[in-house]
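Below is one structure, written out as structure tokens; the observations come after it.
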């Protein structure tokens with residue numbers, strides 16, 4: 002809330018809009034209660050999207066120290082911004098950003114610790130490198146935010162699927178899946194890649210358009 006209060010003070014906006022700006026800046030899977038009944042230009046405003054980048058913490062404002070496998074690294078070199086259904090998030094070791102330095106972690110080469118220090122309480126999601134966070138994704142941590150002083154061990158079991166080369170000769174309909182270099186035939190597919198999580202996110206946007214003729218403002222940027 003402190004970032005919201007600072008923004009309101011900076012632009013001389015009524016404090017009645019505090020809850021509104023917090024809800025539109027930090028979505029938590031709940032609908033915006035302050036958006037349903039509010040007084041325009043007092044407890045809410047029409048053009049709020051430009052305020053969100055100022056209210057949310059930038060990488061250099063959020064991270065202070067980062068270590069991987071005991072070695073220090075520049076946090077903002079490895080934690081890259083990506084647009085999600087929750088707004089701009091900072092993702093570590095994502096294959097969706099064409100990261101040439103994508104890290105391989107397994108029991109053969111070792112399981113190094115990732116340690117990062119932040120100035121604010123943060124929400125953390127853990128997922129595969131080719132996934133993208135969405136409201137429909139299971140949160141394996143079971144909590145929306147992680148306290149500032151936290152040390153945790155997360156155990157994941159990977160089940161690799163290996164396809165025979167002959168599968169590439171089959172049509173998409175026959176194999177019922179897409180290969181890495183293929184794209185779904187949906188109109189206006191917004192991603193340069195295909196993953197199941199990206200497809201779910203796209204379908205959530207289509208459902209919102211079908212129901213409401215609009216999407217959540219964070220979805221509109223993807």
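Numbering (our numbering), first residue to last: 2 to 223. For glycine and all other residues, C-beta sits at the position ideal for the given N, C-alpha and C.
Legend entry - Segment limits, alpha helix (DSSP H) that includes residue 39: Taken as a continuous stretch (DSSP letters only), residue 39 belongs to no alpha helix (DSSP H), as it is neither H nor E.
Legend entry - Collapsed DSSP secondary structure at residue 309 in the structure displayed: Examination of residue 309 is not possible in this model, given that the chain is present from 2 through 223 alone.
Inset, instruction - Keeping to the same chain, check which residues put their C-beta closer than 7 angstroms to that of residue 30; ignore five residues upstream and five downstream. - result: 136
Legend entry - Separation of residue 106 from residue 14, as counted between CA atoms: Separation of residue 14 and residue 106 (C-alpha to C-alpha, rounded to the nearest whole angstrom) is 48 angstroms.
Inset, instruction - Please name the residue, chosen from 38, 47, 41, 57, that lies closest to residue 23 on a Cα-to-Cα basis. - result: Cα-wise, what sits closest to residue 23 is 57.
Inset, instruction - Note down the Cα distance separating residue 125 from residue 165, rounded to an integer number of angstroms. - result: 36 angstroms
Inset, instruction - Just tell me which of 80, 87, 17 has its CA closest to the CA of residue 96. - result: 80
Inset, instruction - From the DSSP output, in three-state form, read off residue 68 for me. - result: strand
Legend entry - Straight-line gap, residue 118 to residue 76 (C-alpha atoms, nearest Å): 9 angstroms
Legend entry - Expected contact under 8 angstroms - CB spacing of residue 195 and residue 179 to nearest Å: 5 angstroms
Legend entry - DSSP bridge partner residues for residue 115 (one or two, in chain order): 69
Inset, instruction - Leaving out five residues on either side along the sequence, give the residues of the same chain with a beta carbon under 6 angstroms from the beta carbon of residue 98. - result: 81
Inset, instruction - Examine the ligand FAD and report whether any of its heavy atoms sits within less than 6 angstroms of the Cβ of residue 106. - result: Although the ligand FAD was asked about, the structure shown includes no ligands whatsoever.
Inset, instruction - Return the bridge partner residues of residue 88 from the DSSP annotation. - result: 85
Inset, instruction - Please look up how many angstroms separate the CB atoms of residue 49 and residue 35, rounded, as I've assumed it's under 8 angstroms. - result: The pair is not a contact, with the Cβ atoms about 11 angstroms apart (cut-off 8 angstroms).
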